[in-house]
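All remarks here apply to the structure that follows.
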Amino acid sequence: MSYMISKATSVNKALDEAVPLCEPVLKIREAMRYTLLSGGKRVRPMLCLAACELVGGQDSTAMPAACAVEMIHASSLIQDDLPCMDDDSFRRGKPTNHKVFGEDIAVLTADALIALAVKKLVTSTYFGVSPERVLRAVLEMAKAVGTEGLVAGQAADLAGEPMSLEEDKAGLEHLEFIHIHKTAALLEAAAVIGAIIGGGSDEEIERLRRYARCIGLVFQVVDDVLDVTKSSEELGKTAGKDLIAGKLTNPRVMGVEKRGNIFKGLIQTRWFR
Ligand code: GRG
43 MSYMISKATS VNKALDEAVP LCEPVLKIRE AMRYTLLSGG KRVRPMLCLA
93 ACELVGGQDS TAMPAACAVE MIHASSLIQD DLPCMDDDSF RRGKPTNHKV
143 FGEDIAVLTA DALIALAVKK LVTSTYFGVS PERVLRAVLE MAKAVGTEGL
193 VAGQAADLAG EPMSLEEDKA GLEHLEFIHI HKTAALLEAA AVIGAIIGGG
243 SDEEIERLRR YARCIGLVFQ VVDDVLDVTK SSEELGKTAG KDLIAGKLTN
293 PRVMGVEKRG NIFKGLIQTR WFR
């Protein structure tokens, strides 16, 4: 726990310094800071720093990359909460970005966070990381964000149920697709980028990719379960919304027993062998 607290503290400091409150576009910067510094657990930057450390690199070398990954996460949360997506009013115990700043500013803020993430990642070269490794890291981040990652997962989640909910296999494949893309992709990228920046070998990088993908898969499964077992106060957001929306990801939508079988299926899939 003390390891995690110390990493989160240094990430918070670096994020604070990354977005100074100044002109131009003061309002956008305020909105960026609002979500970026609103108390997330910092799981992704922590994974990035830990992976870098594991392959023999320094925290300071991976800090820009760790911040970049958290900026992408913040951007995805802002977008996810928009009325055209999940339409959430609360996150981390506070009103969501668009509730405070308006939808127009929230969309621009999410855009600005992605741009800043790329900029931040590229500054890794100032810390002695080779341009080849930085390019590789940028490629990993782009893959995690776009149609091979978050965007694909969110699109599948929004599209709702698979063709047949009766067949566990169809349900399993659909769930796995959503979890792997919407959530695991960024956790995977966090660890992989940390290992690339830290000077890891190809073998080390691929091992960490596999490990982080598993963590990501379980992370979303737990997040879905918490949505029905915890209160809104405990979660800091409106609980049970997926249930109301009838989303497949909610354990009670398809029945707890069926969902239990799907969990078992998930655990036995190729990611866990
Ligand atoms: C182009 C960046 C971008 C995104 C577009 C909107 C979208 C596609 C994707 C949404 C992805 C999303 C919000 C997935 C949920 C992942 C998840 C489990 C979030 C909660 O993560 P925690 O628990 O949150 O780490 P904290 O608050 O601790 O940071």
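Numbering follows the working numbering, in which position 166 of the sequence shown is assigned residue number 208; successive positions increment by one, without gaps.
Even glycine gets a Cβ: it sits at the ideal position worked out from N, Cα and C.
Assumed close pair residue i, residue j - CB separation to whole angstroms, cut-off 8 Å
i	j	result
residue 222	residue 259	6 Å
residue 123	residue 138	4 Å
residue 114	residue 148	Incorrect: roughly 16 Å between the Cβ atoms, too far for contact.
residue 192	residue 186	7 Å
residue 143	residue 73	4 Å
residue 274	residue 280	5 Å
Best match in the options for proximity to residue i [C-alpha to C-alpha]
i	options	result
residue 20	63, 82 and 243	Because the chain here runs from 43 to 315, residue 20 falls outside it and cannot be looked at.
residue 239	200, 198, 169 and 219	169
residue 233	109, 155, 116 and 189	109
residue 107	154, 88 and 219	88
residue 241	61, 78, 52 and 90	90
residue 267	67, 282 and 254	282
residue 159	141, 174, 140 and 182	182
residue 164	100, 230 and 180	180
residue 84	57, 99 and 97	57
residue 62	53, 52 and 75	75
residue 194	156, 70, 227 and 112	227
Residues bridged to residue i (per DSSP)
i	result
residue 137	132
Heavy atom of the ligand GRG within 7 Å of residue i beta-carbon
i	result
residue 71	no
residue 130	no
residue 119	yes
residue 282	no
residue 156	yes
residue 151	no
residue 217	no
residue 83	yes
residue 222	no
residue 127	yes
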